[in-house]
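Residue numbers for the sequence shown follow this note's numbering, so the first one is -2 and each next one is one higher.
Where a beta carbon is used, it is the ideal one built from N, C-alpha and C, also for glycine.
Quantities reported herein were computed from a predicted structural model and do not represent experimental measurements.
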Amino acid sequence: MVTNSTNKQQCLAGVRALWIWIFKISMAEIHILGQLQRSYNFNEPNSLFCRYSFQAGPNWSLISGYSEGQTISAKADYKKNVIWNQPIDLHYVSKGIQGWPKIVLQVNCLDSLGRSWIVGYGSCNIPAAPGQHLIKVPCWVPAATTVTDKLRQMFIGGAHELSQTDIVNLGCDRFKLNTQSKGDIELRIYIILRNFNQFGVEYK
């Protein structure tokens, strides 16, 4: 037996689906699919995992998928590869191309006692062209500037961390930091675009 409550829920679901369909017709869309595949050249004996966050401007809305996540923890092989194969699947809609999505990455080290610390920051813009893209993201950390800090890192471990992580994707403020290069992260991304022609964007 179908109740009035059930009918009301079905009606609301239908109206919501209709509004989403109308909303999507008038807006540009980008599908971001792929994997956060691996890190390499990190000289860390312990396990590594990566926290990631997709960030976009105020004109962008995430309608499916998760903008933040974390990979598994894994140790490097003899070639210094740490395999994660973390799946990525997001769908954004936008009123314009300003504030194009970026991904911000933070690599953490996890030791046998369960202690973790940051061993790399990185960020990159999501490609603006459709198709498959293999992306290399160089990572860095704030460098130890005093003898005391260097000795502490040598004997105790750990690293300097940023108090404001927004600096990672704001290149204008990076020049103020004394940084040290670490390893790299590899992403394989597939981009699907729709309705960008109404904003005068063409791809050849």
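- Distance between L131 and E183, taken at the CA atoms: about 7 Å.
- Minimum Cα-Cα distance from L30 among the listed residues G119, G62, Y49 and K72 corresponds to G62.
- Rounded to the nearest whole angstrom, the CA to CA distance from K92 to K77 is 42 Å.
- Straight across, the Cα-Cα distance linking H88 with V134 is about 22 Å.
- Cβ atoms of I27 and I188 come within 8 Å of each other, at about 7 Å.
- Only residues of its own chain outside the window of five on either side were considered, and among them S50 have a CB closer than 6 Å to the CB of E65, listed in chain order.
- Contact annotation, N82 with Q129: C-beta distance approximately 16 Å; criterion of less than 8 Å not satisfied.
- Residue environment: K72 is assigned as exposed (fewer than 16 neighbouring CB atoms within 10 Å of its CB, all protein chains considered).
- Looking at the DSSP output, P135 shares a beta bridge with D181.
- In the DSSP assignment, N192 is bridged to no other residue.
- At the C-beta level, K5 and Q52 stay beyond 8 Å of one another.
- If you look at N82, you'll find it in the beta strand (DSSP E) that goes N78 to S91.
- Taking the Cβ atoms as the reference, W137 lies roughly 6 Å from S178, within the contact range of under 8 Å.
- By the Cβ-count criterion, I60 is exposed, with fewer than 16 other Cβ atoms from all chains shown falling within 10 Å of its own Cβ.
- In the structure shown, the three-state DSSP call for L174 is coil.
- Under the three-state reduction of DSSP output, Q34 falls in the strand class.
- G117 is the residue among M24, N192, G117 and L110 whose C-alpha sits nearest the C-alpha of P139.
- In the three-state reduction of the DSSP assignment, N105 falls in the strand class, which pools E and B.
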